[in-house]
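Trainee:
Residue numbers (my numbering), protein chains in the order written: chain A, 225 to 744; chain X, 208 to 541.
(1) What first and last residue would you give for the alpha helix (DSSP H) that runs through residue 205 of chain X?
(2) Can you tell me whether residue 386 of chain X is buried or exposed, with buried defined as 16 or more other CB within 10 angstroms of its CB?
(3) Is it true that the CB of residue 248 of chain A sits closer than 8 Å to the CB of residue 274 of chain A?
(4) Quick check: is the beta carbon of residue 266 of chain X nearer than 8 Å to any beta carbon in chain A?
(5) Cα separation between residue 336 of chain X and residue 578 of chain A?
(6) Got a sec, what are the start and stop residues for the beta strand (DSSP E) residue 507 of chain A sits in?
(7) If I measure Cβ to Cβ from residue 798 of chain A and keep anything under 8 Å in the same chain, skipping five residues before and after, which residues do I get?
(8) Cutting at 7 Å between CB atoms, please list the residues of its own chain near residue 213 of chain X, excluding the five before and the five after it.
(9) Kindly indicate if chain A contains any beta-carbon less than 8 Å away from that of residue 529 of chain X.
(10) Considering residue 271 of chain A, what are the terminal residues of the alpha helix (DSSP H) in which it resides?
(11) Say whether the stretch 443 to 458 of chain X touches the stretch 315 to 324 of chain X, bearing in mind that this needs 3 or more beta-carbon pairs closer than 8 Å, one atom from each stretch.
(12) For residue 406 of chain X, which residues in chain A fall below 7 Å Cβ to Cβ?
(13) DSSP state of residue 663 of chain A, grouped into three classes?
(14) At what residues does the beta strand (DSSP E) containing residue 454 of chain A begin and finish?
(15) Going along chain A, which residues have a C-beta under 7 Å from residue 420 of chain X?
(16) Going by DSSP, name the residue or residues bridged to residue 713 of chain A.
(17) Any beta-carbon of chain A closer than 8 Å to the one on residue 470 of chain X?
(18) Could one say the Cβ of residue 249 of chain X lies closer than 8 Å to chain A's Cβ atoms, at least one of them?
(19) When the Cα of residue 365 of chain X is compared with those of X/346, X/301, X/512, which residue comes out closest?
(20) Output, in chain order, the set of chain X residues within a Cβ distance shorter than 8 Å of residue 565 of chain A.
(21) At what residues does the beta strand (DSSP E) containing residue 328 of chain A begin and finish?
(22) Check each candidate in A/276, A/422, A/231 and name the one with the smallest Cα separation from residue 295 of chain A.
(23) With a Cβ-Cβ cutoff of 8 Å, do residue 545 of chain A and residue 582 of chain A count as a contact?
(24) Does the beta carbon of residue 474 of chain X come closer than 8 Å to any beta carbon on chain A?
(25) Quick test of your reading: residue 667 of chain A and residue 628 of chain A, contact by CB under 8 Å. State the CB separation rounded to the nearest angstrom.
(26) With a CB to CB cut of under 7 Å and the five nearest residues on each side skipped, what residues in its chain are close to residue 401 of chain X?
(27) Measuring CB to CB, does residue 194 of chain X end up less than 8 Å from residue 604 of chain A?
(28) Between A/487, A/378, A/714, which has its C-alpha nearest residue 321 of chain A's C-alpha?
(29) Cβ atoms of residue 702 of chain A and residue 519 of chain A: under 8 Å apart, would you say?
(30) Please report whether the beta-carbon of residue 240 of chain A lies at a distance below 8 Å from any beta-carbon of chain X.
(31) Count the other CB atoms within 10 Å of the CB of residue 238 of chain A; is the residue buried (16 or more) or exposed (fewer)?
(32) Between residue 580 of chain A and the rest of its own chain, which residues show a CB-CB distance below 6 Å, the 5 nearest in sequence each way excluded?
(33) Between residue 233 of chain A and chain X, is there a C-beta pair that is closer than 8 Å?
(34) Identify each residue in the stretch 537 to 562 of chain A for which the Cβ-Cβ distance to at least one residue of chain X is less than 8 Å, and report them in chain order.
(35) Could you check which residue in X/311, X/358, X/426, X/288 has the C-alpha nearest to that of residue 370 of chain X?
(36) Reducing DSSP to helix, strand and coil, say where residue 235 of chain A ends up.
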């Protein structure tokens with residue numbers, strides 16, 4: 225059946241090069257009506273270039289675009305994608321944070337030439353409420369976007385896009401979701417997926433761009449895989465195994481990830497203990513970390529686990545709490561990041577772009593920032609040594625390309641994260657705090673990052689605390705996982721219990737308990 | 208892995224770098240050279256003379272120093288609009304103490320610099336402790352200081368500043384150029400050294416470019432931003448000392464007109480030598496480029512309003528250029 229239908233959108237033989245190198249090499253893609261189509265590939269595989277061609281941002285060197293079988297001239301003019309019934313939700317969502325939900329929802333309409341004077345805001349509010357109700361969402365149209373939870377923002381952006389293509393008639397619509405789930409907790413993804421399924425059921429075509437294999441396998445009908453700008457293949461999702469996908473994506477077989485030993489290390493000596501931590505949503509948390517142990521913190525978003533690294537680093541102020549690091553006591557209410565670095569505590573934040581690095585400055589400056597005094601001989605900075613040692617460090621952490629003078633932002637996500645590890649590992653921290661350490665990182669780099677962290681624990685005796693809502697990551701990296709509920713410790717999973725399934729189960733159990741607690 | 212594509216990105220950045228980067232770095236110097244040649248051909252007798260250049264270099268030292276005063280806050284991501292008012296209050300303080308109260312010139316200079324220090328402390332405190340936008344704070348303090356100047360001076364020009372100051376600023380020369388020029392260059396070189404070769408300069412850069420990154424890297428952001436305002440206050444006050452030394456007097460308003468040229472030069476300076484960064488050497492080059500152009504036009508007989516056209520235009524053009532450069536860098540980075 226699917227084979228006979230005319231594709232809603234078809235790309236043929238698409239090529240694009242930047243300064244002599246091919247970002248896309250004869251790539252093809254076809255989206256059928258009512259289909260959720262995955263676009264998979266590592267960072268730098270050409271996914272975003274392809275999307276940008278569709279958005280009219282790049283002018284391809286070669287290639288054809290057909291909408292409902294009709295050729296459309298490339299390059300597209302800016303904004304022309306709207307007339308073709310395309311709508312995009314990018315990773316940054318494209319919302320204006322300081323404006324209300326309603327204003328964001330209607331922004332395209334308000335900006336268009338059709339808009340007249342005298343908008344009836346009361347009627348618009350009512351319409352917006354009805355819209356959200358139709359999707360089964362409870363979002364207040366008058367709320368300011370900056371105050372929404374990440375999930376609500378993502379849902380708002382997607383509802384807006386679906387509404388946009390509904391405007392042209394949903395059967396004409398193509399919805400492009402570019403990594404929309406990166407910042408979402410699991411339950412948010414569920415809601416998002418049900419929106420996507422509904423839109424597809426109504427006849428829209430959806431292009432789902434992601435490098436999260438699990439999500440792609442869950443939501444899509446067919447998948448197109450790109451590697452190094454080349455077309456690897458389009459396959460039917462349910463007929464393709466996970467290992468086949470991984471091989472298609474990275475072009476070689478990975479050592480199996482799942483065979484991680486989870487030794488129970490709780491009998492070892494205690495190296496770090498946190499006592500009575502309170503602050504933001506964290507409400508009285510105590511736990512210990514043993515020698516050689518990687519401890520994971522998780523739960524559903526809002527349960528408080530995500531605040532812990534920042535509280536232990538002094539980046540957010542704690543109301544109460546004590547940290548004992550190898551016998552040395554710290555009052556967490558008075559800790560500042562400067563003091564934390566002095567105590568050899570390091571934090572790698574989740575948001576690389578705003579908290580971790582300055583993309584427009586060279587890699588060398590970003591990395592050396594943590595150890596500038598080392599390169600200062602009392603008179604001047606030894607810039608040459610700084611560059612040389614940073615290059616060696618990049619080599620050690622396999623940051624590619626190995627060029628310290630490149631702007632940090634020119635590195636791919638995985639390499640950016642490896643570079644951040646390098647930045648902090650050179651300070652030889654005793655306690656390393658991680659927040660979502662492999663967010664937006666491709667499969668290969670992710671494995672390398674896990675390896676680097678484990679080696680640091682084993683060889684340098686570093687204590688590692690990892691906050692994450694990526695349950696698979698926790699199960700692969702951690703020896704023990706502490707599940708949070710309502711700002712407190714709900715359960716600890718040790719040894720063989722550290723599996724993706726058990727973590728998910730306990731996270732939801734914590735939420736159920738929370739609900740029960742509220743009801744009772 | 209996607210090493211090929213990454214190398215491409217690197218190659219893209221690098222292929223642009225050699226020829227284009229050199230051009231970008233030294234474009235302003237090149238244009239400056241062209242301007243000199245053009246005016247030299249048009250007005251060989253008046254423009255192409257040592258005395259003209261010695262005037263340009265000497266008289267504009269004040270603007271150089273004031274432009275440099277802007278750089279620490281700008282690098283830290285803050286605006287200091289009070290620099291010109293600080294200059295005026297500093298020169299007025301010096302004149303009043305030296306002329307009306309008979310203080311020695313050294314003591315008067317020390318007092319003038321102390322005025323700058325205090326203004327810097329106050330600006331910094333308002334910005335970092337109360338968390339008010341620096342643009343608003345310094346717009347307010349600038350007007351306030353200008354009011355103080357009118358008050359303490361009774362809106363009068365005070366002349367008769369010690370000749371020894373005038374001597375060491377404009378009368379004495381080295382290689383035919385008044386010493387004031389070398390003071391400006393010295394401040395610029397020191398600042399260049401601090402920005403480029405000292406940890407504090409690197410940290411300041413991160414404070415401006417990624418405040419959250421800086422904070423989470425353990426940098427004392429509050430202290431550095433505050434320090435930048437203090438540096439700005441002291442350097443502005445030093446510009447005020449040079450101003451008093453150049454005029455031999457202090458008048459309550461003329462110094463205020465330096466504000467816009469200083470911003471124009473700071474932003475234009477950020478497009479050259481080290482494009483994308485506020486840098487002292489670029490700023491100095493920008494000041495002398497702007498002044499050369501204006502002097503040349505005036506020698507051609509153009510009215511004085513050309514000065515405003517030139518400075519205003521240069522500010523907008525410089526900001527536009529750096530915006531374009533940033534957009535291009537962002538495109539490369541993505």
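Ideal placement from N, C-alpha and C gives every residue a C-beta, glycine not left out.
Mentor: Quick answer:
(1) This structure leaves residue 205 of chain X out entirely; chain X is present only between 208 and 541.
(2) Position 179 of the second chain, counted from the start, is the residue given in the question as residue 386 of chain X. Residue 386 of chain X should be labelled buried.
(3) For the purposes of this step, residue 274 of chain A is taken as the residue at position 50 of the first chain. For the purposes of this step, residue 248 of chain A is taken as the residue at position 24 of the first chain. Yes; because the gap between Cβ atoms is below 8 Å, this pair is in contact.
(4) Translated into the one-based positions of the second chain, residue 266 of chain X becomes position 59. The Cβ of residue 266 of chain X sits no closer than 8 Å to any Cβ of chain A.
(5) Stepping through the second chain from its first residue, residue 336 of chain X is reached at position 129. Stepping through the first chain from its first residue, residue 578 of chain A is reached at position 354. Using only the alpha carbons, I get a separation of about 22 Å.
(6) Looking up residue 507 of chain A in the first chain gives position 283. Segment 506 to 514, the beta strand (DSSP E) holding residue 507 of chain A.
(7) No information on residue 798 of chain A is available, as it lies outside the stretch 225 to 744 that chain A covers here.
(8) In the second chain, residue 213 of chain X corresponds to position 6, counting from 1. Residue placement at residue 213 of chain X is poorly supported in this model, since its pLDDT is 48, which falls under 50; the coordinates still yield a value, given next. Counting only Cβ-Cβ distances below 7 Å, and skipping sequence neighbours, we find nothing.
(9) Within the second chain, residue 529 of chain X is the residue found at index 322, counting from 1. No - not a single Cβ of chain A is within 8 Å of the one on residue 529 of chain X.
(10) Counting from 1 along the first chain, the entry for residue 271 of chain A is found at position 47. Annotation: the continuous alpha helix (DSSP H) that includes residue 271 of chain A extends over 271 to 278.
(11) The answer is yes - the stretch 315 to 324 of chain X touches the stretch 443 to 458 of chain X, with three or more Cβ pairs under 8 Å.
(12) Working through the second chain from its first residue, we reach residue 406 of chain X at position 199. Neighbours of residue 406 of chain X on chain A, chain order: 596, 597, 600, 605.
(13) Numbered from 1 along the first chain, position 439 holds the residue referred to as residue 663 of chain A. It is coil, neither helix nor strand.
(14) Taking the first chain and counting its residues from 1, the one referred to as residue 454 of chain A is at position 230. For residue 454 of chain A, the enclosing beta strand (DSSP E) has its first and last residue at 454 to 460.
(15) For the purposes of this step, residue 420 of chain X is identified with residue 213 of the second chain, where counting begins at 1. Near residue 420 of chain X (Cβ distances below 7 Å), the residues of chain A are 579, 580, 581, 582.
(16) Mapped onto the first chain, residue 713 of chain A falls at position 489. DSSP, once it has assigned bridges, lists A/708 as partnering residue 713 of chain A.
(17) As a working mapping, residue 470 of chain X is identified with position 263 in the second chain. False, the Cβ-Cβ gap to chain A never drops below 8 Å.
(18) In the second chain, residue 249 of chain X corresponds to position 42, counting from 1. Residue contact with chain A for residue 249 of chain X: absent (no Cβ-Cβ distance below 8 Å to any residue of chain A).
(19) Translated into the one-based positions of the second chain, residue 365 of chain X becomes position 158. The shortest Cα separation from residue 365 of chain X among X/346, X/301, X/512 belongs to X/301.
(20) Translated into the one-based positions of the first chain, residue 565 of chain A becomes position 341. Ordered by position in chain X, the residues that pass the 8 Å Cβ test against residue 565 of chain A are 424, 425.
(21) Here residue 328 of chain A corresponds to residue number 104 of the first chain, with the count starting at 1. Per DSSP, residue 328 of chain A belongs to no beta strand (DSSP E); it is in the alpha helix (DSSP H), 325 to 329.
(22) Indexing the first chain from 1 puts residue 295 of chain A at position 71. Looking at the Cα atoms, A/231 is the closest of the given residues.
(23) To locate residue 545 of chain A, count along the first chain from 1; it is residue 321. To locate residue 582 of chain A, count along the first chain from 1; it is residue 358. Cβ distance not < 8 Å, so residue 545 of chain A and residue 582 of chain A don't count as in contact.
(24) Taking the second chain and counting its residues from 1, the one referred to as residue 474 of chain X is at position 267. Residue contact check for residue 474 of chain X against chain A: no CB pair falls below 8 Å.
(25) Mapped onto the first chain, residue 667 of chain A falls at position 443. Mapped onto the first chain, residue 628 of chain A falls at position 404. With a Cβ gap of about 26 Å, residue 667 of chain A and residue 628 of chain A do not count as contacting.
(26) Locating residue 401 of chain X in the second chain gives position 194, counting from the first residue. Around residue 401 of chain X: 407, 408.
(27) Here chain X comprises residues numbered 208 to 541, so residue 194 of chain X is not present and cannot be evaluated.
(28) Within the first chain, the letter at position 97 stands for residue 321 of chain A. It is A/378.
(29) Residue 519 of chain A sits at position 295 when you count from the first residue of the first chain. Residue 702 of chain A sits at position 478 when you count from the first residue of the first chain. Taking 8 Å as the Cβ cut-off, residue 519 of chain A and residue 702 of chain A qualify as a contacting pair.
(30) To locate residue 240 of chain A, count along the first chain from 1; it is residue 16. For residue 240 of chain A, the answer is no, since every Cβ of chain X falls outside 8 Å of its Cβ.
(31) Within the first chain, the letter at position 14 stands for residue 238 of chain A. Burial of residue 238 of chain A is indicated by the presence of at least 16 other C-beta atoms within 10 angstroms of its C-beta.
(32) Here residue 580 of chain A is taken as the residue at index 356 of the first chain, counted from 1. Around residue 580 of chain A: 573, 644.
(33) Numbered from 1 along the first chain, position 9 holds the residue referred to as residue 233 of chain A. No, because no Cβ of chain X sits closer than 8 Å to the Cβ of residue 233 of chain A.
(34) Here the close residues are 537, 539, 561, 562.
(35) Here residue 370 of chain X is taken as the residue at index 163 of the second chain, counted from 1. When only C-alpha atoms are compared, the closest one is X/311.
(36) For the purposes of this step, residue 235 of chain A is taken as the residue at position 11 of the first chain. Residue state, collapsed to three classes: strand.
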